[in-house]
Amino acid sequence: MKKYSVCIVGGGSTFTLGFLKSFCRMKEQFPLKKLVLFDIDAERQEPIGEFGKILFKEQFPELDFSYTTDIKEAYEGMDFVFMQMRAGGLPMRAKDEHIPLSMGLIGQETCGAGGMAYGLRSCVDMIKAVHDIRNYAPEAWILNYSNPAAIVAEALRREFPDDKKILNICDQPENVVRSCSRLLGCDWENLDPVYFGLNHYGWFTNIYDIKTGEDLLPKLRELIKKNGFLPQDAEQRDQSWLDTYGMVETLMNDFPDFLPNTYDQYYLYPDYKAAHLDPNFTRADEVMAGREKRVFDECREVIAAGVLGDKFDDISDAHAEMMINVAEAIAYNKNTRHILIVENNGAIANMQDDAMVEVVCELGINGPRPMRVGNIPQFYLGLLVNQVSCEKLIVDAYFENSYQKALMAFTLNRLINDGKKARKVLDALIEANKGMWPELK
Ligand code: G6P
Ligand code: MN
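Heads up: the sequence shown begins at 1 in the working numbering, then just goes up one per residue.
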C-alpha cells in the first residue's frame, strides 16, 4: 500500500490535535509516510508540534513528523496539503463578529458582513499560499477547508482556472447527516443524502437509506418535530452549537420542503438571530475561552509529562475523519460519495454554470464528479442567486480593488440588505482590517 506525505497549513489551529490523533487512528486505511505542520506563527504552533512528537513516538513511531515555518520544508514532495488557515487568527474572528453586531447586524464567522470581511483576508492569504504550494509541489492535492469556503473557492477558481487538484470542502453537511443518524438510531454511513446549495447555505432534498432506498426525510421531519435536533456529538458541544442545531426545528416548521443546513438560520431569520446574539461575547470569545484553552492546556500537560498518559482514546473526531476520508478517496480512487464545493456546470440546472455550489460528488483519483439535482424550486433559487451574487461581488472587489463592488456585495447580502447600513459596516471593517485587506479604492 502506498504511503502518503501530508502537510497541514495552519498547524497552530485548535483543530490540529484532532487531526494528529485521527491520523494515528486511521493509519491502516490512510497510511502516512511523512507529516509536516506549517504555520506562520511559530510560537503558536510549537506546543502542538511538541505534542505531536510525543503522540507519534508512542502511537506511530515509523512516521516522519516535523513542524516548520519554512515554506520549502513544508511543501516540497507533498502528496496532499490540508489547508485550515485562519487569516487574522481568532482575534480577527472576534472583530468580524463584534463589529457588525454592534450595529445590529449579524456578526458571524462566514455569514454576512463578518464573513465577507474574513473572505477578503482569506483571498489575500490563500492565493499567496496556493502559489507557494504550486512552486514546490505542483502535483499535490490541495484540500481546502479554510473559511469562508464559498468565497475562497470562488477566488481560487478565478486565480487558478486550470488547476484541477484544488478541492474545497466543508464538514457541516456531513455533520447534519451524522445528526440525522443520531435521531434515526442508525450508522451515519447508511444514509445516502441528496443535497444542493452554496457553502453554508443549502438543503437536503432526500436522505435515502442506502440499503433499502427508502427516503427517510419524512420520518426525520416527524422525529425533529418530536425530539428537536442535536449534533451527533452533542455531549462535546458548547451551548451556542446546541442553539444552532435547535433552530433546525424552527426552519423545518416554516419551510418544510427540505432539511436545512444549520447555517440557513442566519439567512432566514437575520433579525431574530441578530437580536439573540450577545455583542460582547460571541462565538470567537467562546472558542478562545473554551476549545483554544483546552487544546493548549492539553499540549502543555503532555509536554510537561513527556508521555501521552490518558490523552489518547478511541473517540473519533468527525471533522478530521471526514477530511482524511476525502484524501483516502482520492489516494485509492475509491469513488465514494462526499458533499463538496465544485463549479456548478449544470449540477443545479437553473443556476449559473460558474457558481461554486455544494452538492454530492463521487470522488476518486481524477477529482470530484458532481451528481445533478435538476432544477431547484423558485424560493431556494431566489435565496441562492442573491447569495452567489454577493459572493461573486466580494471576490470582484478583491481582484479589482473596488470599494464599489464591496459596497454592492454588502448591500446585496440578506444579513445587511440596505445601502446605508452596508456603507457603515464596510467602512468600519476597512479600518479594522488595515494591512490585511487589499486596498479598496
Ligand atoms: C463547522 C463549519 C466550519 C466552521 C466551524 C466553526 O464545522 O463547517 O466551517 O469553521 O463549524 O466552528 P467553531 O466551533 O469554531 O465555531
Ligand atoms: Mn464549513
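Every residue, glycine too, gets a C-beta built ideally from N, C-alpha and C.
None of the values given here were measured: they were computed from a predicted structure.
- With a cutoff of 8 Å on beta-carbon distance, L35 and V6 are scored as near each other.
- Bounds of the beta strand (DSSP E) holding N168 are 166-169.
- Each of T110, Y145, N147, A149, C170, D171, Q172, N199, H200 has a C-beta closer than 7 Å to some heavy atom of ligand 2; these make up the full list, in chain order.
- Out of L183, K2, G419, the CA that lies nearest to the CA of E249 is found in L183.
- Between F229 and Q59, the C-beta gap is not smaller than 8 Å, which leaves the two residues out of contact.
- Taking C-beta atoms as the reference points, L156 and I394 fail to come closer than 8 Å.
- For Y201, the three-state secondary structure derived from DSSP is strand.
- Note: Y208 is bridge-paired with D192, D215 in the DSSP secondary-structure output.
- For R283, the distance from the CB to the nearest heavy atom of ligand 1 is below 7 Å.
- Exclusion of the five residues before and after A329 leaves N335, T336, H338, L363, G364 as the residues of its chain whose Cβ lies within less than 8 Å of its Cβ.
- Not one heavy atom of ligand 1 falls within 7 Å of the beta-carbon of V326.
- About 6 Å separates the Cβ atoms of G290 and D238, confirming a contact at the 8 Å cut-off.
- Burial is judged here by how many other beta carbons sit within 10 angstroms of a residue's own beta carbon; K128 has fewer than 16 and is exposed.
- The way I'd put it, the segment 61-69 does touch the segment 44-52; three or more beta-carbon pairs between them come closer than 8 Å.
- A direct Cα-to-Cα measurement between N366 and N280 gives close to 47 Å.
- Closest option to Y195, judged by alpha-carbon separation, among G374, Y403, Q265: G374.
- Excluding residues up to 5 positions away in sequence, L191, I207, L220 lie with their Cβ nearer than 7 Å to the Cβ of C180 in the same chain.
- Relative to ligand 1, the beta carbon of V248 is positioned no closer than 7 Å to any heavy atom.
- The alpha-carbon separation between Y267 and L415 amounts to approximately 6 Å.
- With 16 or more other Cβ atoms from the protein chains shown falling within 10 Å of its own Cβ, V176 counts as buried.
- With a cut-off of 7 Å, the C-beta of V295 is classified as distant from ligand 1, since no heavy atom of the ligand falls inside that distance.
- Cβ contact annotation for G18 (same chain, cutoff 8 Å, sequence separation greater than five): D317, H319, A320, in chain order.
- Annotation for V287 indicates a beta carbon within 7 Å of some heavy atom of ligand 1.
- Taking L32 as the centre and dropping the five residues before and after it, the same chain places the C-beta of K3, Y4, S5, V6, F23, F60, L63 closer than 8 Å to its C-beta, in chain order.
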